[in-house]
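The sequence shown: position 42 = 42 (UniProt numbering), numbered continuously.
From the three backbone atoms N, C-alpha and C, an ideal C-beta is built for every residue, glycine too.
Note sheet for the following structure.
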Amino acid sequence: MSDAIGSEFELRQLKPGHRLDLELRKAGLPRLATLEIDNGVSIQAVFGEAPSVSVLPPELETIRQAAETKIESSIYAALDKADIPTRFATDLELIFAGTLDLQRELVGGEHLRVVWRENRLDDRVIGEPIIDFVELDLGEEKYEVVWPGDASRQTHVFKDGGPLLTFVQPIKGARLSSAFGLRQHPVHGNVRMHQGVDFAAEEGATVHATQSGSVSFIGRRSGYGLMIEIEHAQGIQTVYAHLSAVNETLEVDQRIPAGHEIGHVGSTGTSTGPHLHYEVVIEGLPVPPLTDTRLSRIGDGTQRQINVSVMIEAARDQLAGLLAANG
Numbered sequence: 001m002s003d004a005i006g007s008e009f010e011l012r013q014l015k016p017g018h019r020l021d022l023e024l025r026k027a028g029l030p031r032l033a034t035l036e037i038d039n040g041v042s043i044q045a046v047f048g049e050a051p052s053v054s055v056l057p058p059e060l061e062t063i064r065q066a067a068e069t070k071i072e073s074s075i076y077a078a079l080d081k082a083d084i085p086t087r088f089a090t091d092l093e094l095i096f097a098g099t100l101d102l103q104r105e106l107v108g109g110e111h112l113r114v115v116w117r118e119n120r121l122d123d124r125v126i127g128e129p130i131i132d133f134v135e136l137d138l139g140e141e142k143y144e145v146v147w148p149g150d151a152s153r154q155t156h157v158f159k160d161g162g163p164l165l166t167f168v169q170p171i172k173g174a175r176l177s178s179a180f181g182l183r184q185h186p187v188h189g190n191v192r193m194h195q196g197v198d199f200a201a202e203e204g205a206t207v208h209a210t211q212s213g214s215v216s217f218i219g220r221r222s223g224y225g226l227m228i229e230i231e232h233a234q235g236i237q238t239v240y241a242h243l244s245a246v247n248e249t250l251e252v253d254q255r256i257p258a259g260h261e262i263g264h265v266g267s268t269g270t271s272t273g274p275h276l277h278y279e280v281v282i283e284g285l286p287v288p289p290l291t292d293t294r295l296s297r298i299g300d301g302t303q304r305q306i307n308v309s310v311m312i313e314a315a316r317d318q319l320a321g322l323l324a325a326n327g
């Protein structure tokens with residue numbers, strides 16, 4: 001039995017709370033063994049004439065929630081006060097990094113409304129909650145952000161009802177650890193230009209292409225370590241460096257869509273720890289990835305604007321409905 005289950009799960013990782021259910025034959029021999037591990041995932045072993053081992057995903061219920069809060073000191077405190085997942089503070093800081101400094105420009109009194117979803121199993125929250133819509137009302141200005149949840153992973157930002165920018169986060173929920181511009185190099189110690197931004201993330205976290213394009217380089221390059229370059233329209237290029245691995249199906253000259261999984265976070269090259277170094281290069285010159293909107297505007301068109309308009313209206317309706325249901 002241990003050999004069967006151990007073929008799909010490292011038994012040394014067993015811990016209190018994992019549950020093993022056995023179904024026995026009349027002779028006392030096992031017919032079926034099911035080990036429930038983390039987040040409702042189960043390893044099931046069938047014994048007898050046709051033995052098999054399989055990993056069973058949980059049957060999760062997706063719950064959507066909404067809440068509103070007033071900002072008094074910080075985004076984090078406002079989220080915590082309203083029982084909104086505080087991990088969204090990182091998402092919001094990253095999204096508004098090129099538009100609004102949430103730590104310096106909020107003076108208090110701003111209103112924040114959030115729609116999010118979470119997966120549940122037997123009233124337990126499984127995995128991380130996922131943010132769907134945010135409305136940040138500053139009084140004189142109103143920002144709205146929509147995450148459509150489709151394969152493109154595109155995030156749409158609106159200001160005062162009009163589209164401001166659209167982009168894909170290279171790593172979901174990552175923390176911005178180093179900005180674009182002059183800085184003291186973390187390894188060499190001298191002051192030099194940082195030509196991109198760094199996202200701190202766990203080793204192996206999935207990295208996504210931030211815009212559709214053609215893969216132009218895969219390999220190692222001096223301090224960048226293992227890296228990928230993607231060519232986009234209008235002379236724009238993106239760079240993803242310090243990777244631990246590249247998606248095994250990725251090839252040079254391959255056309256990929258925005259949001260495509262291209263590799264995994266690592267610490268190769270000149271690096272002090274796991275992170276993604278991300279650059280946007282236009283006509284051969286590096287530009288601030290979080291404030292230069294030219295990459296996000298590639299492919300704008302009438303049909304896309306119509307789809308985005310429908311998306312924002314649906315998000316507003318959902319927010320209103322969920323808040324009304326809350327009473």
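Query: Identified DSSP bridge partners for A67; Result: V114
Query: Range of the contiguous alpha helix (DSSP H) that encloses G6; Result: S2 to G6
Query: R117 versus T155, I126 and R64, residue with shortest Cα-Cα distance; Result: R64
Query: Assigned secondary structure, T270 (DSSP; H/G/I helix, E/B strand, else coil); Result: coil
Query: Neighbour-count burial assignment, L201, 16 or more Cβ in a 10 Å radius; Result: First, the amino acid is wrong: residue 201 is Ala here, not Leu. It is buried - the Cβ of A201 has at least 16 other Cβ atoms within 10 Å.
Query: Inter-residue CB distance, I160 and S178 (contact presumed, cutoff 8 Å); Result: The sequence given here has Asp at residue 160, not Ile. With a Cβ gap of about 31 Å, D160 and S178 do not count as contacting.
Query: 6 Å Cβ shell around V246 - same chain, five flanking residues per side excluded; Result: I218 and G263
Query: Contact the stretch 247-260 vs the stretch 231-238: 3+ CB pairs below 8 Å; Result: no
Query: Sequence-distant residues of the same chain with beta carbon closer than 7 Å to A89, five excluded per side; Result: I75, Y76 and L79
Query: Three-state secondary structure (DSSP) of L319; Result: helix
Query: Which of helix, strand or coil DSSP assigns to R221; Result: coil
Query: 8 Å Cβ shell around I5 - same chain, five flanking residues per side excluded; Result: L11, A33, L35, I43, A45 and V53
Query: Three-state class that DSSP yields for R255 in the structure shown; Result: strand
Query: Beta-carbon spacing of P289, F180 below 8 Å; Result: yes
Query: Beta strand (DSSP E) segment containing A45, residue limits; Result: S42 to V46
Query: Beta-carbon proximity check, V239 vs G196, cutoff 8 Å; Result: yes
Query: Three-way DSSP call (helix, strand, coil) for T302 in this model; Result: Bear in mind that a pLDDT of 48 at T302, under 50, signals an unreliable position, so the number given afterwards is only what the model happens to contain. Helix.
Query: Start-to-end residues for the alpha helix (DSSP H) that takes in E36; Result: Where E36 is concerned, there is no enclosing alpha helix (DSSP H), although the beta strand (DSSP E) it sits in stretches over P30 to E36.
Query: Inter-residue spacing [alpha-carbon to alpha-carbon] between H277 and T210; Result: 13 Å
Query: Cβ-based burial, G213 [other Cβ within 10 Å; buried from 16]; Result: buried
Query: Meets three-Cβ-pair contact criterion under 8 Å: the stretch 128-145 and the stretch 102-114; Result: yes
Query: Where the alpha helix (DSSP H) through E93 begins and ends; Result: F88 to I95
Query: Backbone secondary structure at D132 - three-state DSSP; Result: strand
Query: Residue from V146, P170 and L100 with nearest C-alpha to E313; Result: V146
Query: Beta-carbon proximity of V310 to E251, cut-off 8 Å; Result: no
Query: Residue environment, P170, which counts as buried when at least 16 other CB atoms sit within 10 Å; Result: buried
Query: Reduced DSSP category for G127 - H, G, I as helix; E, B as strand; rest coil; Result: strand
Query: DSSP-derived helix/strand/coil call for E261; Result: strand
Query: With 16 other Cβ atoms within 10 Å as the buried cut-off, status of V281; Result: buried
Query: According to DSSP, residues forming a beta bridge with Y278; Result: V197 and Y240
Query: Distance cut-off 7 Å: P85 Cβ against heavy atoms of the ligand SAM; Result: This structure lacks the ligand SAM, and indeed carries no ligand of any kind.
Query: Length of the line joining the Cα atoms of K142 and L22; Result: 57 Å
Query: Beta-carbon separation (whole angstroms), P58 vs L121, contact threshold 8 Å; Result: 5 Å
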